[in-house]
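A.B. asks: For reference, the structure I am asking about is given below.
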Amino acid sequence: AKRDFNSAMKIDRMSVEPWIGKSLCHLYKNELDSALMVAHIAHILAQTRYEQARAGSLLGEVLYNKEDDEEAFEYFSESLQLDTTNNRGFKKAARIAIDMGNYNQAESLLLKAMENDQRDLEVLINLAYIYNHLNFPRQSLEYCNMALAFDPTEPLARSNRALAYLKLGQVD
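Residue numbers (this note's numbering): 323 to 494.
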């Protein structure tokens, strides 16, 4: 893959896609500093909203892997303003918000992701988790049951549902 991206870059150095691809190659090999440098170049070269969204989301991904949550969140947010169909970006930004204890912001991001895909188990489970933390066990149950309707064996949905039942005083 890296060889093909390098060839594409030789043909057109100003094209964003080979830079994004090359950054992904570095990311997959856990070469995070190189991935970050190449992603920054892609971000600088991006001209269309689509290119800016892709490059921004990639920067968010690299920074998330480098454990720079605040800067990653900024890039994901920028990217999501340009492309509201990027569920991976919504989920990553929500994960960062959860890790920072900002459950209301995570909820907002996940609800936007649900507008794109109401069957995304990760979104449903994270909403259940958030509602348990916000002390809304009935809402948590709703999302747990939705997740379990799609996958009855999903352990995180079952764990969140059990916690919601405990919060409602339904121990047995």
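Where is the CB? At the ideal position from N, CA and C, for every residue including glycine.
These numbers were taken from a predicted model, which means no experiment stands behind them.
#1: Near residue 357, what residues of its chain come up, given a Cβ to Cβ distance below 7 Å and the 5 sequence neighbours on each side ignored?
#2: Count the other CB atoms within 10 Å of the CB of residue 454; is the residue buried (16 or more) or exposed (fewer)?
#3: When you compare the CB of residue 385 with every CB in chain B, is at least one pair closer than 9 Å?
#4: Short check: CB of residue 403 to CB of residue 416, under 9 Å?
#5: Is the CB-CB distance between residue 462 and residue 435 below 9 Å?
#6: By the DSSP assignment, the alpha helix (DSSP H) with residue 467 in it spans what residues?
#7: Check whether the Cβ atoms of residue 469 and residue 450 sit closer than 9 Å, and answer yes or no.
#8: Which word fits residue 351, buried or exposed, when buried means at least 16 other C-beta atoms lie within 10 angstroms of its C-beta?
#9: Helix, strand or coil: which one does DSSP assign to residue 491?
#10: Take residue 488 as the anchor and find which of 387, 473 and 458 has the nearest alpha-carbon.
C.D. replies: By the coordinates alone:
#1: 345, 348, 349 and 384
#2: buried
#3: Protein chains in the displayed structure number just one, and chain B is not present.
#4: no
#5: no
#6: 459-472
#7: yes
#8: exposed
#9: coil
#10: 458
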